[in-house]
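Report on one structure; see the data block that follows.
In UniProt numbering, the protein residues as written are 1 to 189.
In structure tokens, the structure reads:
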């Protein structure tokens with residue numbers, strides 16, 4: 001916008017009342033840099049500061065107020081900028097809170113779906129284990145419960161080598177029965 005110097009306050013107020021562009025160009029040239037530097041101090045972003053100052057000048061252009069002095073115009077510009085900065089911060093806080101809530105919800109939903117997936121994998125695994133021969137099935141179930149080979153052998157009254165054999169055969173059969181055979185080797189090391 002071209003800067004235009006208006007020689008006196010009376011003429012400026014007259015142009016302003018008439019919505020004459022000369023008044024707005026003059027005020028823009030006189031106050032833009034000062035208003036922008038104030039806005040930058042608050043919002044810490046050059047582009048946002050420029051946008052806020054532009055909004056201030058638009059509000060001046062749209063204002064129906066009849067200014068009676070240059071000081072009143074100056075007060076209007078600085079007050080409007082302060083209000084725009086406060087409004088910007090409020091919107092930013094709402095946006096930040098919404099993002100935090102959204103991230104929290106997304107994380108909760110992620111946890112929910114992880115649990116659903118775990119339950120689904122577990123249900124499929126248990127269904128597959130049920131299809132194993134009885135002794136092999138018992139070895140795999142006890143392994144899932146966290147028992148060691150020696151504990152399983154003692155509980156079932158079979159040798160540790162037999163437990164190892166049932167475990168090996170069970171892993172191979174389960175790997176063929178489930179969608180992701182890699183899981184079997186993670187679950188049953």
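Just so it is clear, CB atoms sit at the ideal spot from N, CA and C, and this is done for glycine as well.
**Asked** Nearest to residue 199 by CA position, among 40, 153, 17 and 152, is which residue?
**Response** Any property of residue 199 remains undetermined from this structure, which presents the chain solely from 1 to 189.
**Item:** Nearest to residue 135 (by Cα), restricted to the options 123, 71, 148 and 152
**Value:** 152
**Message:** In this structure, how does DSSP classify residue 67 when only helix, strand and coil are distinguished?
**Reply:** coil
**Prompt:** Is it the case that the Cβ atoms of residue 143 and residue 173 are separated by a distance below 8 Å?
**Reply:** no
**Prompt:** For residue 76, which residues of its own chain have a beta-carbon under 6 Å away from its beta-carbon, when the five flanking residues on both sides are left out?
**Reply:** none
**Prompt:** What is the DSSP secondary structure of residue 133, counted as helix, strand or coil?
**Reply:** coil
**Asked** Taking all protein chains shown into account, do 16 or more other C-beta atoms lie within 10 angstroms of the C-beta of residue 163, making it buried, or fewer, making it exposed?
**Response** buried
**Request:** Measure from the alpha carbon of residue 179 to the alpha carbon of each residue in 6, 120 and 14, then state which is nearest.
**Result:** 120
**Request:** Use the C-beta contact count for residue 1: other C-beta atoms within 10 angstroms, 16 or more gives buried, fewer gives exposed.
**Result:** For residue 1, the pLDDT reaches just 48, beneath the cut-off of 50, and the residue's location in the model is therefore unreliable, leaving the point undetermined.
**Message:** Does the stretch 37-53 come into contact with the stretch 63-70, if we say contact requires no fewer than three beta-carbon pairs (one atom in each stretch) closer than 8 Å?
**Reply:** no
**Request:** Over the uninterrupted alpha helix (DSSP H) stretch that includes residue 18, give me the two end residues.
**Result:** Note, residue 18: premise wrong, no alpha helix (DSSP H); not H, not E.
**Prompt:** Below 8 Å between beta carbons: does that hold for residue 23 and residue 36?
**Reply:** no
**Prompt:** How long is the line joining the alpha carbons of residue 130 and residue 137, rounded to whole angstroms?
**Reply:** 6 Å
**Request:** Using the Cα positions of residue 147 and residue 157, report the straight-line distance between them to the nearest angstrom.
**Result:** 14 Å
**Item:** Which of helix, strand or coil DSSP assigns to residue 159
**Value:** coil
**Message:** Cutting at 8 Å between CB atoms, please list the residues of its own chain near residue 149, excluding the five before and the five after it.
**Reply:** 160, 163, 164 and 167
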